Amino acid sequence: MAAAHGDTRHRRRVGNAPVSAPFGILRLPSDVRFGAGTRADVPALVASLGERVFVVTDAFLATTPQFGELLTTITSGCRDIQVYSDIPAELPIDAVHRAADAAANFDPTVVVGYGGGSALDAAKLVALLCARGGVLPDYYGENAVAGPVLPLIAIPTTAGTGSEVTPVAVVSDPDRELKVGISSPYLVPRIAVVDPELTIAAPRGVTTYAGIDALVHAIESLTARPLERTAGVLPVFVGRNVLTDPLALEAVTLIHRALPRVVDDPNDIDGRIDMSRGSLLAGMAFGAAGTHLSHAIQYPIGAITHTPHGMGTGTLLPYVMQACVHAVPDRLASIADAMGIPPSVDIASHAQAAVDEIAALCARVGLPVSLRELGVVEADIGRIVDLTLRVTRLIAIAPIPADRSAIEQIVRAAILGDRGMLRHPRSDKQTVDEATVAL
Ligand SMILES: NC(=O)c1ccc[n+]([C@@H]2O[C@H](COP(=O)([O-])OP(=O)(O)OC[C@H]3O[C@@H](n4cnc5c(N)ncnc54)[C@H](O)[C@@H]3O)[C@@H](O)[C@H]2O)c1
Ligand SMILES: [Fe+2]
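To convert, note that position 32 of the sequence shown is 31 in numbering that gives the first Met the number 0; the numbers rise steadily by one, no gaps.
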């Protein structure tokens with residue numbers, strides 16, 4: 000595993016600890032199984048949690064032979080099982096409420112989520128509504144879930160959102176312009192079973208966009224600003240820390256080497272194994288550290304263009320890294336190390352090499368090189384900036400001061416496909432990365 004340049008330390012006193020005491024948080028499932036063939040463990044794991052099993056997947060995956068085989072093995076070991084597969088893309092809240100109503104009628108003791116991020120997020124929310132009642136808007140934002148939800152086993156078929164290990168689910172609400180997140184440590188699935196063989200049939204677009212999103216999760220976890228710990232309830236996302244850093248760096252190494260392979264050859268099993276491990280580790284990291292500007296800006300881009308989440312975050316990533324390179328050169332240099340880039344003459348050059356390598360990787364796997372290719376035009380900039388500024392939780396942990404002007408510069412450069420516009424940091428603003436933000 001590559002060593003990090005610099006370290007992740009809190010710069011102010013925490014209790015009686017030294018001023019620079021390392022600080023870390025991970026919130027994970029109690030059992031994580033990874034490896035080709037691990038889906039064979041699912042029946043025993045389900046049986047260990049309950050006898051009435053509600054399975055959430057999407058309409059396509061429900062028809063696949065892998066799902067059929069898994070269902071047969073689960074059914075042989077449990078008393079009662081119901082499959083719910085009416086889970087549309089983008090996860091409109093009405094669809095989740097219908098799934099939760101069906102689950103409530105069945106009265107499950109355990110929920111199984113099988114699929115990409117959409118099905119896994121739906122399963123998390125079914126487990127939430129079944130256990131705690133109410134409607135999804137009751138839980139919008141952070142830490143609005145007051146206690147445990149039904150036990151959930153998450154089985155991803157993409158690599159990936161990392162949703163199988165994260166404390167968040169994202170939905171569409173027709174009353175809101177942007178997709179909205181529900182984040183709580185109680186949403187972390189009880190068990191994750193990550194079998195890379197289940198990802199082999201994923202179409203090229205899903206492989207590319209989900210795969211690059213996993214890389215964005217890792218890189219934004221490594222660069223998210225660390226927050227100061229104070230008394231009281233911690234936020235769900237606390238910025239980069241000493242426990243998430245090693246996971247995120249390993250994720251960068253794995254995804255950087257494997258993503259082009261699986262995009263070129265979907266049957267490359269070694270590449271699929273690396274991708275599933277990388278997205279799992281990235282999910283573990285961002286589930287505590289959080290993500291920042293690529294995600295915050297993708298929310299309005301997704302609303303305006305109706306393009307996949309990973310297409311937006313992946314297209315934005317080189318621009319966001321370019322805007323942050325002067326603020327966190329040590330972090331980007333460690334990302335360069337993790338990608339195997341030979342040492343540069345100085346840390347600034349090494350950090351820039353990381354940005355250039357990520358831009359080359361994005362182009363290599365066929366991502367758009369500008370937001371214009373997603374249908375965004377300069378006339379959209381004002382609206383995109385307004386909406387991005389509303390995603391306060393994510394911009395709060397950006398490594399640069401993410402004010403109107405900074406976001407506008409990133410969006411403009413990304414529309415024009417010109418990273419050079421971001422090479423010179425603004426002189427009117429002080430870099431805030433050296434400060435911490437009270438939680
Ligand atoms: N909760 C989190 O931590 C988190 C993180 C990032 C993204 N997300 C959310 O995840 C969603 C995107 O998830 P996704 O990219 O995994 O895709 P997805 O779940 O939306 O699935 C996309 C399509 O791929 C198909 N598919 C999935 N796996 C397949 C396989 N193995 N073979 C063939 N087809 C397959 C699905 O049937 C679907 O048609 C978005 O809604 C996003 O907001 C959640
Ligand atoms: Fe993402």
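Ideal Cβ placement from N, Cα and C applies to all residues, glycine included. Just so we're clear, the structure is a prediction, and the values are computed from it rather than from any experiment.
Contact test: residue i Cβ vs ligand 2 heavy atom, cutoff 7 Å
i, result
"threonine 312", "yes"
"histidine 294", "yes"
"valine 205", "no"
"valine 319", "no"
"valine 215", "yes"
"aspartate 263", "no"
"aspartate 379", "no"
"aspartate 345", "no"
"aspartate 212", "yes"
Ligand 1 heavy atom lying under 7 Å from the CB of residue i
i, result
"threonine 157", "yes"
"tyrosine 208", "yes"
"valine 410", "no"
"serine 182", "no"
"histidine 308", "yes"
"alanine 102", "no"
"aspartate 267", "no"
"serine 117", "yes"
"phenylalanine 59", "yes"
"threonine 304", "no"
"aspartate 120", "yes"
"valine 82", "no"
"valine 109", "no"
"leucine 90", "yes"
"glycine 114", "yes"
"leucine 197", "yes"
"threonine 243", "no"
"valine 368", "no"
"valine 169", "yes"
"arginine 201", "This sequence places alanine at residue 201; arginine is not what is there. Checking every heavy atom of ligand 1 against the Cβ of alanine 201, one is found closer than 7 Å."
"serine 162", "yes"
"threonine 62", "no"
"threonine 252", "no"
Residue span of the beta strand (DSSP E) that contains residue i, given as start and end
i, result
"leucine 27", "Premise fails: leucine 27 is in no beta strand (DSSP E) and is neither H nor E."
"tyrosine 113", "109-114"
"tyrosine 83", "79-83"
"phenylalanine 53", "51-55"
"alanine 168", "167-170"
"valine 193", "190-193"
"serine 182", "179-182"
Candidates the options, of which the one nearest residue i by Cα
i, options, result
"leucine 242", "Ala353, Ser404 and Ser220", "Ser220"
"aspartate 385", "Ile303, Ala102, Gly210 and Gly416", "Ile303"
"valine 344", "Arg411, Ala352 and Ser404", "Ala352"
"threonine 199", "Ala230, Asp269, Asp355 and Thr160", "According to the sequence displayed, residue 199 carries isoleucine and not threonine. The residue with the shortest Cα to Cα distance from isoleucine 199 is Asp269."
"glycine 289", "Glu249, Asn266, Thr222 and Asp402", "Thr222"
"serine 47", "Val251, Leu151 and Leu233", "Leu151"
"valine 354", "Met338, Ser369, Gly365 and Pro367", "Met338"
"histidine 294", "Asp120, Thr252, Ala230 and Ile218", "Ile218"
"glycine 301", "Val169, Pro136 and Tyr83", "Val169"
"proline 155", "Leu393, Pro107, Val205 and Ala362", "Val205"
"threonine 160", "His308, Ala39, Val237 and Thr72", "His308"
"glycine 194", "Ala94, Gly277, Ala284 and Ile357", "Glycine is not the amino acid found at residue 194; the sequence shown has aspartate there. Per the Cα distances, Gly277."
"valine 31", "Arg389, Ser275 and Val368", "Ser275"
"glycine 114", "Thr72, Ala145, Ile73 and Gln65", "Gln65"
"glycine 112", "Gly146, Asp106, Gly140 and Ala61", "Ala61"
"alanine 257", "Glu356, Asn266, Arg271 and Pro245", "Arg271"
"methionine 283", "Phe236, Ile92 and Thr56", "Phe236"
"aspartate 120", "Val55, Leu370, Gln408 and Ile380", "Val55"
"alanine 130", "Leu360, Pro147 and Ala122", "Pro147"
"leucine 316", "Leu280, Ala358 and Ala35", "Ala358"
"isoleucine 396", "Asn240, Asn142, Ala247 and His291", "His291"
Alpha helix (DSSP H) segment containing residue i, residue limits
i, result
"alanine 153", "Not the alpha helix (DSSP H): alanine 153 falls in the beta strand (DSSP E), residues 151-155."
"alanine 322", "308-323"
"isoleucine 442", "Because the chain in this structure spans residues 0 to 438, residue 442 falls outside the shown range and cannot be described."
"serine 293", "292-304"
"glycine 67", "64-75"
"isoleucine 396", "Neither: isoleucine 396 is in no alpha helix (DSSP H) and is coded neither H nor E."
"valine 45", "41-48"
"glycine 159", "Element bounds for glycine 159: n/a, residue is neither H nor E."
"alanine 335", "328-337"
"glycine 34", "Where glycine 34 is concerned, there is no enclosing alpha helix (DSSP H), given that its DSSP letter is neither H nor E."
"alanine 61", "Alanine 61 -> no alpha helix (DSSP H), and no H or E assigned at all."
"serine 348", "346-363"
"glycine 277", "268-288"
> Which whole runs of the beta strand (DSSP E) in the segment 223-260 are 3 residues long or more, in chain order?
Replying inline: Runs found: none.
>> Restricting to runs no shorter than 4 residues, where is the alpha helix (DSSP H) found entirely within the segment 366-420?
In response: You should have 380-388, 391-394 and 403-415.
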